[in-house]
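Residue numbers (the numbering used here): 5 to 482.
A short worksheet on the structure shown next.
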Ligand code: CS2
């Protein structure tokens, strides 16, 4: 007998021990519209919302995908049900029912707009990754970014996130619908304020000054910190899940058991009770955000660029390289920690110890190549900002410059191969002009103003430290 497909119909026939939505999905309304319904949101945000729906059916999620061309058939065929596998030993499988729809904005713009205009939609959440915001190296909206530039002419169907948000907010205003909260859940320092400023700048640049003022005065863009290590889904996960649940699931996701969502406590009225399902609401969100971006994401990127050059494939493998593990622990405790501020509930040395244990979880096969992608977007907040803080404080910067140099070597080695980065061709042009001479090569990369603000690139101590590290890495010295 062939294995049935996961769907609303087969939900009650799954293997015992598989958790299924304990609420009536037919009663769920789409109170959240989510931009970027990829693996991270399916594994993180949707798991919190799935718990919330037990008590409050108003908060189903309607996804809007900006990048995919067509509707995600796998999910649609499964009635938007999918399995979340928590990578414990043994793994736990939970079928989530929080997602109600996914509209591909390019193919089905009306469906996307209908979700955004639904009177019940009170929260717009976003996980489009760093590159989805169209920001420049200083964190401001880049009006020359192709999708943004195109949307400034107010085409009937926008392409960019800021274009869609401006359209949704102004249309809701005109229709006198309740205003949604707009919540960035991406890895960006000050993600809420940056998105707010980008939307305001976009409205202004497209000649809608009145809308810009109104957004400035009325719309809330809380900052958040989101955290859960989510290895990309692959065929092995599909096979494992289908076997474990007793049905074929073509859209499963996996993550470590740990999941954290810290939200700036200024949601106002009409927001879902996210604290009731474990989200932390705090006035100190920036302290959490900075600690996470620098300690977790920074360490991830260091493990990726240095680890790949040492022949490792996953975070787990890289952490079993004693020299590399020692290097990143020192980087966390001696270099990054002094740039952070402890707040109530966040003890930095304890946070580091917990992080090291998470990175050593043998059940999580997190590929370094996944983390290495989009380096141009990640380097600034993971390394360059803490390096600038260390310089200001008169502290040594050498160790934090090593992963920056390792990224340069990583790009150099891929100068003629596929490179996963929104400015890949620019990076490869720089890499192809390298000669192997450390000072020359580092100088070429530092000219990339999309990544390195000129003041930082011209700072002689930074240039010297990166050049030394670039040279040492040739001999695997860290
Ligand atoms: C990773 C993140 O791919 C990456 O750049 O550092 O996706 C990381 O796993 C998450 O932010 C963890 O919350």
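Glycine included, each C-beta is placed from N, C-alpha and C at the ideal position.
In its chain, beyond the 5 residues on either side, 191, 382, 385 and 386 have a beta carbon closer than 8 Å to the beta carbon of residue 301. Bridge pairing for residue 6: absent [DSSP]. Annotation for residue 67: the continuous beta strand (DSSP E) segment containing it runs 65-69. Shown here for residue 426: same chain residues with a beta carbon closer than 6 Å to its own, the five before and five after excluded, namely 135 in chain order. Bounds of the beta strand (DSSP E) holding residue 38 are 36-39. Residue 98 is bridged by DSSP to 23 and 88. If you check the CB distance, residue 363 and residue 319 come in under 7 Å.
Counting along the chain, residue 45 sits inside the alpha helix (DSSP H) bounded by residues 43-47. Sorting 339, 340, 314 and 338 by C-alpha distance to the C-alpha of residue 328 places 314 at the top. Per DSSP, the continuous beta strand (DSSP E) segment holding residue 187 begins and ends at 185-188. For residue 201, the closest C-alpha among the options 180, 211 and 223 is that of 223. Using a cutoff of 6 Å, the CB of residue 304 counts as near the ligand CS2, since one of the ligand's heavy atoms is closer than that.
In the structure shown, residue 343 adopts helical secondary structure according to DSSP, grouped into three states. Residue burial annotation: residue 316 is buried, with at least 16 other C-beta atoms found within 10 angstroms of its C-beta. Around residue 447, the same chain offers 467 as residues with beta carbons nearer than 8 Å, after the five sequence neighbours per side are excluded. Your pair residue 456 and residue 388 checks out as a contact, with CB atoms roughly 7 Å apart and the cut at 8 Å. Ranked by Cα distance from residue 404, the options 57, 465 and 79 are led by 465. The stretch 271-343 is shown to contain whole beta strand (DSSP E) runs of 3 or more residues at 284-286, in chain order.
Relative to the ligand CS2, even the nearest heavy atom lies 6 Å or more away from the CB of residue 195. Only residues of its own chain outside the window of five on either side were considered, and among them 259, 260, 362, 368 and 370 have a CB closer than 7 Å to the CB of residue 233, listed in chain order. When only Cα atoms are considered, residue 413 and residue 392 end up about 22 Å apart. A straight-line Cα-Cα distance of about 22 Å links residue 450 and residue 297. Distance from residue 125 to residue 119 at the Cβ level is roughly 7 Å; contact confirmed, criterion being Cβ atoms closer than 8 Å. For residue 155, the enclosing alpha helix (DSSP H) starts and ends at 150-155. Among the bridge pairs identified by DSSP, residue 265 is matched with 230.
Counting along the chain, the unbroken alpha helix (DSSP H) around residue 448 starts and ends at 442-450.
The beta carbon of residue 104 sits closer than 7 Å to the beta carbons of 32, 34, 64, 65, 66 and 84 from its chain, once the five residues preceding and following it are set aside; these are given in chain order.
DSSP places residue 130 in no alpha helix (DSSP H) but in the uninterrupted beta strand (DSSP E) bounded by 127-130.
Between residue 170 and residue 203, the C-beta spacing is below 7 Å.
Residue 252 is bridged by DSSP to 9. The way I'd put it, the stretch 271-287 doesn't touch the stretch 321-340; fewer than three beta-carbon pairs between them come closer than 8 Å.
A contact is defined here as three or more CB-CB pairs under 8 Å, and the stretch 5-15 meets this definition with respect to the stretch 81-101. Residue state for residue 259 is assigned as strand, using DSSP reduced to three classes. Judged by beta-carbon spacing, residue 416 lies beyond the 7 Å limit of residue 397, meaning their Cβ atoms are not closer than that value.
Non-local C-beta neighbours of residue 231 in its own chain, meaning closer than 6 Å and more than five positions away in sequence, comprise 264 and 296, ordered along the chain.
Here the alpha carbons of residue 59 and residue 342 stand approximately 42 Å from one another.
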